[in-house]
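A.B. asks:
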């Protein structure tokens, strides 16, 4: 579940470095750091391996618990296999990232 924790040679891989670079470009005024990494391993043809629609922030502690003033967040996803609607691609809700 936490690849770089349990397999340290994965630390600082090219994807991790590119993600960090993009986060710093998107959040110029924030001191963005990697919180954690995660591997979601879904077995082939396992129809009940479903992740319901959710907002990641609901799973994280608030800024007070984290001891920070701001909870600016970037989430990056890398599919290792082809991803489509039939096998469960990641979907975004149009406009959900727009400030209200």
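In the numbering used here, the protein residues as written are 662 to 761. Glycine included, every Cβ here is placed at the ideal spot set by N, Cα and C.
1) Quick check: residue 704 and residue 710, are their CB atoms within less than 8 Å of each other?
2) Measuring CB to CB, does residue 722 end up less than 8 Å from residue 700?
3) Do residue 738 and residue 727 have their C-beta atoms within less than 8 Å of each other?
4) With burial defined as no fewer than 16 other Cβ atoms inside 10 Å of the residue's Cβ, what is the status of residue 760: buried or exposed?
5) Along the alpha helix (DSSP H) that carries residue 683, what are the first and last residues, could you check?
6) What would DSSP say about residue 705, mapped onto helix, strand or coil?
7) Just verifying my parser: in three-state terms, what is the DSSP assignment at residue 697?
8) Comparing C-alpha positions only, which one of 732, 686 and 675 sits nearest to residue 696?
9) Compare the Cα-Cα distances from residue 749 to each of 718, 682, 671 and 707 and report the closest residue.
C.D. replies: The structure says:
1) Yes, these two residues count as a Cβ contact at 8 Å.
2) Going by C-beta atoms, residue 722 is not nearer than 8 Å to residue 700.
3) Not a contact, by the Cβ cut-off of 8 Å.
4) By the neighbour-count rule (16 or more Cβ atoms within 10 Å), residue 760 is not buried but exposed.
5) In the DSSP assignment, residue 683 falls within the unbroken alpha helix (DSSP H) covering 675-687.
6) In this structure, residue 705 counts as coil in the three-state DSSP scheme.
7) It is coil, neither helix nor strand.
8) When the alpha-carbon of residue 696 is set against those of 732, 686 and 675, the nearest one is in 732.
9) Of the listed residues, the one whose Cα sits closest to residue 749 is 707.
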